[in-house]
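Colleague:
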Amino acid sequence: MLDIKFVRENPDIVKQNIRNKFQEEKLPLVDEVLELDKENREIKQELQSLQADRNRISKEIGKLMGQGKREEAEEAKKKVADFAERMNELAEKEKDVEARLKKDMMVIPNIIDPSVPIGKDDSENVEIERFGEPVIPDFEIPYHTEIMEKFNGIDMDAAGRVAGNGFYYLMGDIARLHSSILSYARDFMIGRGFTYCVPPFMIRSNVVTGVMSFAEMDAMMYKIEGENLYLIGTSEHSMIGKFIDTINPEEKLPYTLTSYSPCFRKEKGAHGIEERGVYRIHQFEKQEMIVVCKPEESPMWYDKLWQNTVDFFRTLDIPVRTLECCSGDLADLKVKSLDVEAWSPRQKKYFEVGSCSNLGDAQARRLGIRVKGKDGKKYFAHTLNNTVVAPPRMLIAFLENNLQADGTVRIPKALQPYMGGQTVIK
Numbered sequence: 260m261l262d263i264k265f266v267r268e269n270p271d272i273v274k275q276n277i278r279n280k281f282q283e284e285k286l287p288l289v290d291e292v293l294e295l296d297k298e299n300r301e302i303k304q305e306l307q308s309l310q311a312d313r314n315r316i317s318k319e320i321g322k323l324m325g326q327g328k329r330e331e332a333e334e335a336k337k338k339v340a341d342f343a344e345r346m347n348e349l350a351e352k353e354k355d356v357e358a359r360l361k362k363d364m365m366v367i368p369n370i371i372d373p374s375v376p377i378g379k380d381d382s383e384n385v386e387i388e389r390f391g392e393p394v395i396p397d398f399e400i401p402y403h404t405e406i407m408e409k410f411n412g413i414d415m416d417a418a419g420r421v422a423g424n425g426f427y428y429l430m431g432d433i434a435r436l437h438s439s440i441l442s443y444a445r446d447f448m449i450g451r452g453f454t455y456c457v458p459p460f461m462i463r464s465n466v467v468t469g470v471m472s473f474a475e476m477d478a479m480m481y482k483i484e485g486e487n488l489y490l491i492g493t494s495e496h497s498m499i500g501k502f503i504d505t506i507n508p509e510e511k512l513p514y515t516l517t518s519y520s521p522c523f524r525k526e527k528g529a530h531g532i533e534e535r536g537v538y539r540i541h542q543f544e545k546q547e548m549i550v551v552c553k554p555e556e557s558p559m560w561y562d563k564l565w566q567n568t569v570d571f572f573r574t575l576d577i578p579v580r581t582l583e584c585c586s587g588d589l590a591d592l593k594v595k596s597l598d599v600e601a602w603s604p605r606q607k608k609y610f611e612v613g614s615c616s617n618l619g620d621a622q623a624r625r626l627g628i629r630v631k632g633k634d635g636k637k638y639f640a641h642t643l644n645n646t647v648v649a650p651p652r653m654l655i656a657f658l659e660n661n662l663q664a665d666g667t668v669r670i671p672k673a674l675q676p677y678m679g680g681q682t683v684i685k
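Under the numbering used here, the residues of the sequence shown are numbered 260 to 685, in order.
Following this line, the structure appears as structure tokens:
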């Protein structure tokens with residue numbers, strides 16, 4: 260959510276930002292916000308004036324009574340009552356105006372970084388850099404579920420009978436591989452200086468609306484019936500929520516946390532042939548990283564976060580590339596975002612395995628995450644998040660890139676201690 264003062268002073272910048280995100284339908288909101296803001300300030304001004312007048316006349320009533328001027332005192336009391344009635348009317352009006360103002364402000368997108376390429380959707384994202392040499396083996400690579408089935412490692416039919424489409428049973432060495440990758444990711448991030456966390460897997464609605472846009476919320480979140488609780492779609496939600504309504508000493512920043520959680524998503528959208536199996540599912544597990552920092556440090560942390568993911572995948576011998584997300588592919592709260600994509604030898608192309616985002620002070624402003632500087636002044640923190648790894652989708656890249664001609668799967672050295680010393684899955 261933008262600072263209302265910024266919108267008030269820079270309406271043209273806000274409108275151009277909306278155009279850059281190809282959300283022209285939101286342009287009228289800017290003028291509406293300006294009108295509501297003006298009305299809100301006028302209400303507050305009148306309330307202050309009435310309060311001052313009421314206080315002044317209230318003091319006079321005592322004097323008038325002491326002087327025996329009962330009739331004048333009664334007139335003054337009537338004025339005070341009229342002031343109170345008008346103030347009550349204004350207070351109700353103020354609540355309504357502020358609610359409408361907040362609703363509009365929550366929909367206006369954050370100002371994107373000047374470096375973000377302008378484009379309508381993810382087809383216009385820009386490749387930045389490749390890490391590792393993509394390999395196309397001289398043998399056929401089966402679909403990922405077929406690879407898993409050869410090891411008796413997956414049962415989607417049983418999961419369908421138990422929970423429906425979008426669920427799975429992982430078993431045996433494939434299940435162990437899944438858990439090993441998460442354990443390795445945990446230790447990898449601890450080694451990078453991050454504090455390990457296991458957060459709540461459900462959050463309240465005020466946290467949900469604090470960390471994401473309404474459109475994202477509708478597309479992703481599962482609500483617990485009869486409760487003010489939602490299942491998290493990623494641990495970033497509850498990790499950022501950890502700091503709701505806090506004032507944090509500047510000297511304690513940055514907070515660098517890495518968290519494990521299951522994730523639950525509706526996954527509305529495409530479900531093509533390449534999104535079958537465990538690619539687009541309703542339940543998965545994830546290792547995440549988040550940073551809460553001073554505003555001037557967020558660009559530096561942004562680069563560190565995506566590099567962590569690249570380095571993690573390279574230790575598992577998986578080629579990756581980075582893509583700069585264009586303006587139309589950015590969620591409304593994001594200032595800048597970069598996708599990490601892994602190489603798929605079977606598809607002969609890259610596919611997304613993680614996303615790194617700088618949200619500026621948007622989440623902090625919504626959630627009340629403030630920093631107290633050494634000078635005593637308070638300001639909003641910046642928040643960032645990035646995926647370390649999200650199996651089982653990551654298993655697709657792992658199995659395809661480590662599959663051998665004889666049907667075995669090679670276990671890279673970094674992962675072997677987590678697999679009981681195994682060097683291959685047979």
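Every residue gets a Cβ at the ideal spot worked out from N, C-alpha and C, and that includes glycine.
1. Classify Arg278: buried if its beta carbon has 16 or more other beta carbons within 10 angstroms, exposed otherwise.
2. Near Val266, what residues of its chain come up, given a Cβ to Cβ distance below 8 Å and the 5 sequence neighbours on each side ignored?
3. Looking only at its chain, what residues have a beta carbon closer than 6 Å to the beta carbon of Val470, apart from the 5 residues adjacent to it on each side?
4. Could you have a look at Leu512 and say whether DSSP puts it in helix, strand or coil?
5. Since Leu436 contacts Leu575 with CB under 8 Å, what's their CB separation in whole angstroms?
6. Does the distance from the C-beta atom of Asn384 to that of Asp591 stay below 8 Å?
7. Determine whether the Cβ of Ile483 lies closer than 8 Å to any Cβ atom of chain C.
8. Give me the residue from Ile462, Tyr402, Val551 with the minimum Cα distance to Gln606.
9. For Trp565 and Val550, what's the separation of their Cα atoms in angstroms?
10. Report the option in Ser603, Asp414, Pro458, Met407 whose CA atom is closest to the CA atom of Pro396.
11. Taking Thr517 and Cys456 to be in contact with their CB atoms under 8 Å, please state how far apart those CB atoms are, rounded to whole angstroms.
12. Between Gly536 and Thr404, which are expected to be in contact by the criterion C-beta below 8 Å, what is the C-beta distance as a whole number of angstroms?
13. In whole angstroms, what separates the C-alpha of Ala529 from that of Asp381?
14. Looking at the ligand NAD, does it come within less than 7 Å of Asn617, judged from the CB to the closest heavy atom?
15. Going by beta-carbon coordinates alone, are Leu589 and Ile387 separated by less than 8 Å?
16. Are Ile506 and Arg629 touching if we call contact CB-CB under 8 Å?
17. At which residues does the beta strand (DSSP E) containing Met548 begin and terminate?
18. In chain order, what residues of the same chain have a beta carbon less than 7 Å from the beta carbon of Leu286, not counting five sequence neighbours either side?
19. Please classify Arg315 as buried or exposed, where buried requires at least 16 other C-beta atoms within 10 Å of its C-beta.
20. Is Thr642 buried or exposed, if buried means 16 or more other CB atoms sit within 10 Å of its CB?
21. Identify whether Leu772 lies in helix, strand or coil by the three-state DSSP scheme.
22. How long is the line joining the alpha carbons of Ile377 and Lys595, rounded to whole angstroms?
23. Opposite Lys608 in the DSSP bridges: which residues?
24. What span of residues does the alpha helix (DSSP H) with Glu330 cover, start to end?
25. Would you tell me roughly how many angstroms separate the C-alpha atoms of Val668 and Leu658, rounded to the nearest one?
26. Locate the alpha helix (DSSP H) running through Leu441, then write down its first and last residues.
27. Can the beta-carbon of Gly425 be found less than 8 Å from the beta-carbon of Ile302?
28. Quick one, which of Phe460, Pro508, Tyr427, Glu348 has its alpha-carbon nearest Pro521's?
29. With DSSP run on the structure shown, which of helix, strand or coil describes Ser472?
30. Note the first and the last residue of the continuous beta strand (DSSP E) segment covering Tyr638.
31. What is the DSSP secondary structure of Asn299, counted as helix, strand or coil?
32. Considering only the beta carbon of each residue, do Phe547 and Ser472 sit closer than 8 Å?
33. Throw me the rounded Cβ distance for the Glu555 and Gly632 pair, which I believe falls under 8 Å.
34. In three-state DSSP terms, what is Thr682?
35. Going along the chain, which residues of its own chain have a beta-carbon closer than 7 Å to the beta-carbon of Leu429, five neighbours each way excluded?
Modeller: So, to answer that:
1. exposed
2. Val273, Val289, Val292, Leu293, Asp296, Met364, Ile367
3. His496, Ile499, Gln622
4. When secondary structure is reduced to three states using DSSP, Leu512 falls in the coil class, being assigned neither helix nor strand.
5. Contact flag wrong, Cβ pair sits at about 11 Å.
6. no
7. In the structure shown, chain C does not exist; there is a single protein chain.
8. Tyr402
9. Rounded to whole angstroms, the separation of the alpha carbons of Val550 and Trp565 is 12 Å.
10. That would be Ser603, whose Cα lies nearest to the Cα of Pro396.
11. The distance from the Cβ of Thr517 to that of Cys456 is about 7 Å, consistent with a contact at the 8 Å cut-off.
12. About 4 Å; that satisfies the 8 Å criterion.
13. Because the pLDDT at Ala529 is just 49, under 50, the model does not fix this residue reliably, and the point stays unresolved.
14. Annotation note on the ligand NAD: not contained in the displayed structure, which lists no ligands.
15. no
16. yes
17. Unbroken beta strand (DSSP E) run through Met548: 542-552.
18. Sequence-distant Cβ neighbours of Leu286 in its own chain, meaning closer than 7 Å and more than five residues away, are Lys274, Ile277.
19. exposed
20. Buried.
21. Beyond the ends of the chain as shown, which are 260 and 685, falls residue 772; an answer cannot be given.
22. 12 Å
23. According to DSSP, residue pairing for Lys608 in a beta bridge involves Ser603.
24. Note, Glu330: alpha helix (DSSP H), 329-364.
25. 7 Å
26. 431-450
27. No; because the gap between Cβ atoms is not below 8 Å, this pair is not in contact.
28. If we check each option's Cα against that of Pro521, Phe460 comes out closest.
29. coil
30. Going by DSSP, Tyr638 is part of the beta strand (DSSP E) stretching over 637-639.
31. helix
32. Note on residue identity: the sequence assigns Glu, not Phe, to residue 547. Not a contact, by the Cβ cut-off of 8 Å.
33. With a Cβ gap of about 12 Å, Glu555 and Gly632 do not count as contacting.
34. coil
35. If we look at Leu429 and ignore the five residues flanking it on each side, its Cβ neighbours are Gly412, Ile413, His437, Pro651.
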